[in-house]
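One point on numbering: in UniProt numbering, the residue at position 115 of the sequence shown is 115, and numbering is uninterrupted. Here's the structure, in structure tokens; my notes come after.
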Amino acid sequence: MPVLEVVGLRKSYKDRLVVDGVGFAVREGETYGLLGPNGAGKTTTISMVVGVLARDAGEVRIAGRPHDTAGRATKSLIGYVPQELAVYPDLTARENLRFFAGLYGIRGSEARRRIGEVLEIVGLADRAGEAAGKYSGGMSRRLNIGIGLLNRPRLLVLDEPTAGVDPQSRTSILDSVRRLAGDGTAVLYTTHYMEEAQRLCDRVGIIDHGRMLAEGRPDELGAPDLEAAFLQLTGRELRD
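Here is the structure:
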């Protein structure tokens with residue numbers, strides 16, 4: 001059974017159809033890349049997947065259970081890391097994690113244990129006592145990912161997690177994602193960096209104008225590499 005199943009998602013804003021019948025699945029331990037140029041419908045699709053935006057039609061299932069904006073039980077299985085940073089700069093990394101752990105209902109010794117695990121995963125254990133406002137952009141991104149891991153999610157949704165970070169931090173983030181997938185987490189990943197998707201994703205779905213144009217392993221898309229396949233299908237660069 002896939003951890004995430006998406007079937008026939010549709011969403012319109014007034015007379016504009018933004019997502020038109022999108023469907024895909026992500027299995028345990030798989031990293032699935034959702035790729036598309038700006039305005040393709042990726043963000044709207046992800047918002048419906050995580051349950052922050054109501055859909056007009058279609059289905060989303062998490063671990064076999066129906067999921068929507070009111071699905072508290074299924075939302076607890078998701079870790080969502082948005083592109084916008086959601087950290088408090090005046091708090092240390094540990095304090096940020098403790099605050100968000102409390103929102104998940106994780107407290108006491110369990111919170112301490114989980115915060116320690118997350119700091120190791122994202123490589124911030126030795127800087128946990130520093131204010132987040134003193135972090136580099138890459139470190140802040142890693143803390144943002146750590147917040148999404150506190151509840152040990154079955155599905156981790158990462159929206160542009162390496163945007164604007166230095167190469168060293170990008171490598172660290174990609175290594176963390178690989179380890180999480182290796183431990184069985186299903187990962188839904190969006191990026192504007194084609195080389196990331198080529199290296200990281202087991203399968204990709206290419207979306208444009210709200211429709212899924214192609215899906216499969218990067219080497220199954222009928223082109224020498226993922227970048228060529230994307231250009232062939234959409235007629236434009238990923239970072240246009």
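Built from N, CA and C at the ideal position, the CB exists for glycine as well. Keep in mind the model is a prediction, meaning the values are calculated, not measured.
Through-space distance from residue j to residue i, alpha-carbon basis
i: residue 115; j: residue 230; result: 39 angstroms
i: residue 195; j: residue 160; result: 13 angstroms
i: residue 205; j: residue 214; result: 6 angstroms
i: residue 233; j: residue 211; result: 12 angstroms
i: residue 139; j: residue 235; result: 35 angstroms
i: residue 186; j: residue 48; result: 17 angstroms
i: residue 63; j: residue 74; result: 8 angstroms
i: residue 122; j: residue 150; result: 11 angstroms
i: residue 34; j: residue 87; result: 25 angstroms
i: residue 188; j: residue 105; result: 24 angstroms
i: residue 228; j: residue 113; result: 45 angstroms
i: residue 165; j: residue 56; result: 35 angstroms
i: residue 158; j: residue 95; result: 22 angstroms
i: residue 54; j: residue 69; result: 6 angstroms
Closest Cα partner of residue i within the set the options
i: residue 50; options: 82, 39 and 33; result: 82
i: residue 17; options: 209, 237, 228 and 219; result: 209
i: residue 190; options: 181, 179, 207 and 180; result: 207
i: residue 8; options: 124, 23 and 217; result: 23
i: residue 25; options: 31, 2 and 44; result: 2
Three-way DSSP call (helix, strand, coil) for residue i in this model
i: residue 194; result: helix
i: residue 114; result: helix
i: residue 56; result: coil
i: residue 234; result: helix
i: residue 109; result: helix
i: residue 154; result: coil
i: residue 199; result: helix
i: residue 31; result: strand
i: residue 222; result: coil
i: residue 23; result: strand
i: residue 50; result: helix
i: residue 18; result: strand
i: residue 129; result: coil
i: residue 172; result: helix
i: residue 162; result: coil
i: residue 71; result: coil
i: residue 177; result: helix
Which residues DSSP lists as bridging residue i, in chain order
i: residue 66; result: 61
i: residue 136; result: According to DSSP, which records beta bridges pairwise, residue 136 is partnered with nothing at all.
i: residue 212; result: 207
i: residue 7; result: 59
i: residue 187; result: 31 and 156
i: residue 43; result: In DSSP, residue 43 forms no bridge with anything.
i: residue 12; result: 17
i: residue 145; result: BP columns for residue 145 are empty, so no partner.
i: residue 79; result: 156
For residue j and residue i, believed in contact at Cβ under 8 angstroms, the rounded distance
i: residue 171; j: residue 193; result: In fact, because the Cβ distance is near 12 angstroms, the residues do not count as touching under 8 angstroms.
i: residue 6; j: residue 52; result: Actually they are not in contact, since the Cβ atoms of residue 6 and residue 52 sit about 15 angstroms apart, beyond 8 angstroms.
i: residue 77; j: residue 167; result: The Cβ separation is near 33 angstroms, so there is no contact.
i: residue 177; j: residue 200; result: 6 angstroms
i: residue 143; j: residue 93; result: 5 angstroms
i: residue 203; j: residue 216; result: 6 angstroms
i: residue 253; j: residue 10; result: Here the chain covers residues 1 to 240 and nothing more, so residue 253 does not appear.
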